[in-house]
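Chains as they are written, first to last, in UniProt numbering: chain A, 1 to 73; chain B, 1 to 427.
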């Protein structure tokens, strides 16, 4: 999958950290560190994190296009 | 430009370009959509590169999510070399020509190179802008260099210095000015960042400049000598002295370009050299030089994530607008964030040019506060350090130009506001 967080919006409510602890973490009080390329198998967890965000800062999509990038087009 | 466009070409395959492509489809555009970029990668996100990716916490593969049904044609790894306005064609370096009805210029900026090209070519001298840059620097950090030197007093320098300290790698930051970041966020916040960095063990040198770099016989960086004569031994130096806007490919196109980027109007329409909108050509993101409605229309060029997204969306809407009455202005209030030394610093509005500063919640001592910037008695910007939830409340005050200083004594606010005058940052 591909994940991006709008960190202008993020206010460190940390709901994503509870929903998907292996892919989102806070370093310090408000600095969100997140997995930009989680495994497709974790899709339900990532989508739960996106839904849990009270400020709608998380965008995630399946990874259909990544293989094309590997091919170096 | 009243006919509905059938072909849109976006030049620049980064955040602004991809955001525009998504917005065009969301707005109902069903014609052909080409996204051309000089790097071989699909559009990727840059902010994690100077933070978590550099430290190796996450991969430097920060490819941005994109919906599967975008129906985009990518032309990646080939830079654009020209734009023919009469023929409505973008020319790529491989000689191919992309015809368009609407073109979005989103070619962004590149890291400003170290001015001495022989020194810049030394092995161990880096800039940090692209995913490939981040991978190269991350690999070098994994080898645990004896000392990393950052040149430049901007946020990238302090973010990289923060990563080095977290990895327990000695680090020196060289700042030419007497304070870091003063131009962007004012002297009080610049002093705060300097103190935090020093507290984390950064060897911060102010009023410092490099006289020369020293290489070994194999062309590897070995050290540098400062103008005050001090020598610093290092095999890893990151040049972070700002960005240059990618407009050279537009030379000869008759567009209004200069070192600030491609000039556009408030509807994101690129202007021709004669100052009138160029038919069918728009601009968004770091390359755009635009009138900021929140500063009386003063021209601004920012390198902010949020602006790239917002401006791309406005440009996309206006590319599809049937006539001038349907154009929407780009009225985004600039905002950005930085993460360093475990702190999250956020700013909304434009602090540059402000004349006063006040901490209105929390305190610098506890490293958790919210501050407001004033200009001629109006509120023009607000900054938060680990207090992001307060920041949106001040966005409205900035938008309406509320009086400065704000009223003291509110809930969780100090009984009186200690205001500081800001001088023009020294250069």
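Even glycine gets a Cβ: it sits at the ideal position worked out from N, Cα and C.
Does any residue of chain A have a CB that is nearer than 8 angstroms to the CB of residue 130(B)? no
When burial is assigned at 16 or more other CB atoms within 10 Å of the CB, is residue 8(A) buried or exposed? buried
Chain-order list of residues whose beta-carbon lies under 8 angstroms from that of residue 121(B) (same chain, five-residue window excluded): 219
Might you give, ordered along the chain, the residues of its own chain that have their beta carbon closer than 8 angstroms to the beta carbon of residue 243(B), omitting 5 neighbours on each side? 109, 110, 111, 112, 129, 286, 303
In whole angstroms, what separates the C-alpha of residue 16(B) from that of residue 44(B)? 11 angstroms
Neighbour flag for residue 58(B) against chain A, beta carbons, 8 angstroms: yes
Where does residue 339(B) sit, in a helix, a strand or coil, going by DSSP? strand
Touching by the beta-carbon criterion (3+ pairs, under 8 angstroms), the stretch 98–109 of chain B and the stretch 273–284 of chain B: yes
Should residue 116(B) be labelled buried (16 or more other beta-carbon atoms within 10 Å of its own) or exposed? exposed
Who does residue 421(B) pair with in a DSSP beta bridge? 356(B)
Assuming the contact rule is C-beta atoms closer than 8 angstroms, residue 406(B) and residue 372(B) should be a hit. Round their C-beta distance to whole Å, please. 6 angstroms
Do you know how far the Cα of residue 322(B) is from the Cα of residue 12(A)? 41 angstroms
How would you write the range of the beta strand (DSSP E) that residue 9(B) sits in, first residue to last? 7–11
Taking the straight line between their C-alpha atoms, what separation do you get for residue 388(B) and residue 89(B)? 45 angstroms
Where the alpha helix (DSSP H) through residue 109(A) begins and ends: Residue 109(A) lies beyond the range of chain A shown here (1 to 73); nothing can be said about it.
Anyone know if the C-beta pair for residue 1(A) and residue 46(A) falls short of 8 angstroms? yes
Alpha carbon to alpha carbon, what distance is there between residue 188(B) and residue 197(B)? 14 angstroms
Please state whether DSSP places residue 14(B) in a helix, a strand or coil. coil
In chain order, what residues of the same chain have a beta carbon less than 7 angstroms from the beta carbon of residue 16(A), not counting five sequence neighbours either side? 24, 49, 52, 53, 58
Measure the alpha-carbon distance for residue 147(B) versus residue 4(B) and round it to whole angstroms. 57 angstroms
Count the other C-beta atoms from every protein chain shown that fall within 10 angstroms of the C-beta of residue 65(B), then say buried if there are 16 or more, exposed otherwise. buried
Per DSSP, what kind of secondary structure is residue 185(B) in: helix, strand or coil? helix
Interface residues of chain B facing residue 39(A) [CB-CB closer than 7 angstroms]: Those do not exist, as residue 39(A) stays about 12 angstroms from chain B at its closest Cβ, beyond 7 angstroms.
Check for me: the alpha helix (DSSP H) holding residue 314(B) runs from which residue to which? 305–319
Counting pairs of beta carbons, one from the stretch 200–213 of chain B and one from the stretch 175–184 of chain B, are three or more of them closer than 8 angstroms? yes
Taking a Cβ distance cut-off of 8 angstroms, strictly less, list which residues of the stretch 119–151 of chain B are near chain A, in chain order. none
Could you check the C-alpha separation between residue 26(A) and residue 343(B) for me, to the nearest Å? 11 angstroms
Quick one, are the C-beta atoms of residue 318(B) and residue 328(B) less than 8 angstroms apart? yes
Specify, as a first and last residue, the run of the beta strand (DSSP E) that residue 281(B) falls within. 277–283
Is the stretch 34–50 of chain B touching the stretch 76–95 of chain B, taking contact as three or more C-beta pairs under 8 angstroms? yes
Nonlocal neighbours in the same chain, by C-beta distance under 6 angstroms from residue 19(A), ignoring five residues either side: 48, 49, 52
Contact the stretch 345–359 of chain B vs the stretch 373–383 of chain B: 3+ CB pairs below 8 angstroms: yes
Counting only runs of 3+ residues fully inside the stretch 131–159 of chain B, write out the beta strand (DSSP E) ranges in chain order. 148–151
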